[in-house]
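K.L.:
Below is a structure I'd like to ask you about.
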């Protein structure tokens, strides 16, 4: 029979507990911010920057492919499809397209966000998570996540 010193067992148990709490805390602080940074779509037609604002995460447009519309420079394009006439003159570059996204530890995902589609001028509920292959998947949906449109992003390293 193996004898265990009870004092050593208590120290070992306390040490393991502290180590577990420290690791859990540091990983929790890291996981929500994993989404922060610059991202490019797999099709390489959109670059966004996701950033933290308090407890929520937001995204703004840094660049988009404008080859289909060459009549005006990319930096002069505006949100002309917006249903709110007061917002139709805002520029697409730098425009906030994602807001209110919050990290949910239990699902290891970002939920309860709102995403704006400048093509339709509509806002949708949104969520985001990392796929098994490491891509950032952002979903826009109406009421049910099954009725959604997804966009996969890769980390943007400055080259399109």
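Residue numbers (full-length UniProt numbering): 1 to 160. By construction, the Cβ of each residue, glycine as well, lies at the ideal position given by its N, Cα and C atoms.
(1) Examine the Cβ distances between the stretch 80-87 and the stretch 41-49 and report whether three or more of them are shorter than 8 Å.
(2) What do you reckon, are the CB atoms on residue 112 and residue 102 nearer than 9 Å?
(3) Consult DSSP for residue 132 and reduce its assignment to one of helix, strand or coil.
(4) Would you kindly work out how many angstroms separate the C-alpha atoms of residue 120 and residue 109, rounded to a whole number?
(5) Among 31, 91, 57, 34, which residue has its Cα nearest to the Cα of residue 115?
(6) Express the C-alpha separation of residue 37 and residue 158 in angstroms, rounding to a whole number.
(7) In chain order, what residues of the same chain have a beta carbon less than 6 Å from the beta carbon of residue 138, not counting five sequence neighbours either side?
(8) Going by the DSSP bridge assignment, what does residue 111 pair with across the sheet?
(9) Here's the rule: buried if 16 or more other CB atoms are within 10 angstroms of the residue's CB, otherwise exposed. What is residue 140?
(10) To the nearest whole angstrom, what separates the beta carbons of residue 96 and residue 60, a pair I think is in contact under 8 Å?
(11) Using only the alpha-carbon positions, how far apart do residue 94 and residue 62 sit?
(12) Enumerate in chain order the residues of its own chain whose CB-to-CB distance from residue 75 is below 8 Å, with the five nearest sequence positions on each side excluded.
P.N.:
Judging by the given coordinates:
(1) With a cut-off of 8 Å on Cβ pairs, the stretch 80-87 is not in contact with the stretch 41-49, counting fewer than three such pairs.
(2) The residue labelled residue 112 in the question sits at position 112 within the chain shown. The residue labelled residue 102 in the question sits at position 102 within the chain shown. Taking 9 Å as the cut-off, the beta carbon of residue 112 is found closer than this to the beta carbon of residue 102.
(3) The sequence position of residue 132 within the chain shown is 132, counting from 1. Correct three-state label for residue 132: coil.
(4) The count along the chain shown starts at 1 and reaches residue 120 at position 120. The count along the chain shown starts at 1 and reaches residue 109 at position 109. Pairing residue 120 with residue 109, the inter-Cα distance amounts to about 26 Å.
(5) Sequence index remark: in the chain shown, residue 115 carries index 115 (1-based). Nearest C-alpha to residue 115: 57.
(6) As a first step, residue 158 must be located in the chain shown, where it is residue number 158. As a first step, residue 37 must be located in the chain shown, where it is residue number 37. Taking C-alpha positions only, residue 158 is separated from residue 37 by approximately 12 Å.
(7) As a first step, residue 138 must be located in the chain shown, where it is residue number 138. Within the same chain, 128, 151 come within 6 Å of residue 138 by CB-CB distance, once the 5 residues on both sides are set aside.
(8) The sequence position of residue 111 within the chain shown is 111, counting from 1. Beta bridge pairing from DSSP links residue 111 with 102.
(9) The residue you call residue 140 lines up with position 140 of the chain shown. Classification of residue 140: buried, given that the 10 Å Cβ count is 16 or more.
(10) Working through the chain shown from its first residue, we reach residue 96 at position 96. Working through the chain shown from its first residue, we reach residue 60 at position 60. Residue 96 to residue 60, Cβ: 5 Å. Contact.
(11) As a first step, residue 94 must be located in the chain shown, where it is residue number 94. As a first step, residue 62 must be located in the chain shown, where it is residue number 62. Their Cα atoms are separated by approximately 6 Å.
(12) By 1-based counting over the chain shown, the position of residue 75 is 75. Closer than 8 Å at Cβ, skipping near neighbours: 91, 93.
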